[in-house]
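Input: a single structure, listed below in structure tokens.
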Amino acid sequence: MPATRAEASQRVRESIVEATVRIVAREGVAAVTHRRVAAEAEVSLSSTTWHYATKADILEAALHWSADHEVARIGAIAERLDAFDVGAWADELADWLLEQLGPEREATVALYRLQAELLGSPGALAVHRQWGRGLRALGDQVLGEASELDVRLVIAALDGLRMTALASGELDEPRVRAAVRRQLEALLG
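Going by UniProt numbering, the letters in the sequence shown line up with residues 1 to 189, in that order.
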């Protein structure tokens with residue numbers, strides 16, 4: 001059955017956003033133009049301008065995609081682990097962190113670059129709030145009675161570990177696993 005016009009339009013939007021994420025990860029935000037995104041996405045230039053009138057619109061859509069992608073990954077972990085167990089969560093979160101530093105590195109780098117570029121913009125604030133609510137809801141689901149501050153501390157610790165590993169280029173799996181376990185035990189154990 002052929003795709004409807006709406007489905008085809010959605011696929012084009014997704015390819016534009018994913019192309020933007022790849023460009024941002026490889027070359028930074030400054031490299032993003034409608035023309036570059038169209039070439040990367042293999043769509044017409046008019047498609048990029050039709051769906052996203054400005055560069056800021058494309059960047060905000062890419063930030064939204066990146067944040068949704070991250071929340072979905074953590075949500076999948078929460079579904080696998082019903083009850084909170086520091087050891088099981090440390091293992092799962094270490095796997096997630098290592099995936100973000102390896103196969104998902106491109107999306108992770110793009111997320112940080114987009115956050116820095118769009119810091120303070122109304123669209124980015126809305127995405128950041130939605131992302132934060134999603135992560136807090138997952139934290140509440142898993143940690144139950146833990147305070148919002150506990151959840152924020154866990155997120156900040158993981159974010160710091162991730163940023164340090166990205167910046168240094170060092171990916172020592174045993175050290176990452178040990179660091180995640182220590183942080184979770186210190187914060188929640």
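All C-beta atoms, glycine included, are put in the ideal place defined by N, C-alpha and C.
Nearest-angstrom Cα distance between Ala165 and Ala3? Taking the sequence shown and counting its residues from 1, one reaches residue 165 at position 165. Taking the sequence shown and counting its residues from 1, one reaches residue 3 at position 3. Each residue's Cα considered, the two are about 42 Å apart.
How would you call Gln183, buried or exposed, if buried means at least 16 neighbouring beta carbons within 10 angstroms? Taking the sequence shown and counting its residues from 1, one reaches residue 183 at position 183. So Gln183 counts as buried.
In three-state DSSP terms, what is Gly169? The residue given as residue 169 occupies position 169 in the sequence shown. Note: Gly169 maps to coil in three-state DSSP.
Rounded Cβ spacing between Glu185 and Val86 (contact assumed at less than 8 Å): As a position in the sequence shown, residue 185 is number 185, starting the count at 1. As a position in the sequence shown, residue 86 is number 86, starting the count at 1. Yes, Glu185 and Val86 are in contact; Cβ-Cβ is about 6 Å, under 8 Å.
Kindly indicate which residue of Glu7, Leu45, Leu188 has the alpha-carbon position closest to the one of Val154. Taking the sequence shown and counting its residues from 1, one reaches residue 154 at position 154. Per the Cα distances, Leu188.
Environment of Ser66 [buried if 16+ CB atoms lie within 10 Å]: Taking the sequence shown and counting its residues from 1, one reaches residue 66 at position 66. Buried, because 16 or more other Cβ atoms sit within 10 Å of the Cβ of Ser66.
For Leu149 and Arg22, what's the separation of their Cα atoms in angstroms? Position 149 of the sequence shown, counted from the start, is the residue given in the question as residue 149. Position 22 of the sequence shown, counted from the start, is the residue given in the question as residue 22. Those two C-alpha atoms are separated by around 33 Å.
Can you tell me which of Glu27, Ala8, Leu63 puts its alpha carbon nearest to the alpha carbon of Leu17? In the sequence shown, counting from the first residue as 1, residue 17 sits at position 17. Note on identity: in this sequence residue 17 is Val, with Leu being the wrong assignment. Of the candidates Glu27, Ala8, Leu63, the one whose C-alpha sits nearest the C-alpha of Val17 is Leu63.
Roughly how far, in whole angstroms, is the beta-carbon of Glu92 from the beta-carbon of Leu81, given that I think they are within contact range, below 8 Å? What you label residue 92 is simply residue 92 of the sequence shown in a count that begins at 1. What you label residue 81 is simply residue 81 of the sequence shown in a count that begins at 1. Their Cβ separation, rounded to whole angstroms, is 6 Å, which keeps Glu92 and Leu81 in contact under 8 Å.
What residue from Ala116, Trp131, Tyr112 has the CA that sits closest to Met163's CA? Looking up residue 163 in the sequence shown gives position 163. The shortest C-alpha separation from Met163 is found at Tyr112.
Whose C-alpha, out of Leu161, Ile58, Val43, is nearest the C-alpha of Asp95? If you number the sequence shown from 1, residue 95 lands on position 95. Cα-wise, what sits closest to Asp95 is Leu161.
Output needed for Thr48: all residues of its chain with C-beta closer than 6 Å, excluding positions within five of it in sequence on either side, in chain order. As a first step, residue 48 is located in the sequence shown; it is residue number 48 there, counting from the start. Closer than 6 Å at the Cβ level, and outside the excluded window around Thr48, lie Ile16, His34, Val37, Ala38.
Taking all protein chains shown into account, do 16 or more other C-beta atoms lie within 10 angstroms of the C-beta of Gly139, making it buried, or fewer, making it exposed? Stepping through the sequence shown from its first residue, residue 139 is reached at position 139. That one is buried.
Please confirm whether Leu118 and Glu42 have their CB atoms less than 8 Å apart. Your numbering for residue 118 matches position 118 in the sequence shown. Your numbering for residue 42 matches position 42 in the sequence shown. No, these two residues do not count as a Cβ contact at 8 Å.
Answer with buried or exposed for Ala25, where buried requires no fewer than 16 other C-beta atoms within 10 angstroms of its C-beta. In the sequence shown, residue 25 corresponds to position 25, counting from 1. Classification of Ala25: buried, given that the 10 Å Cβ count is 16 or more.
Pop quiz: Gly134 and Val71 are said to be a contact at Cβ under 8 Å. What is the actual Cβ separation, rounded to whole angstroms? Residue numbering aside, residue 134 sits at position 134 when the sequence shown is read from its first letter. Residue numbering aside, residue 71 sits at position 71 when the sequence shown is read from its first letter. Confirmed, Cβ separation roughly 4 Å.
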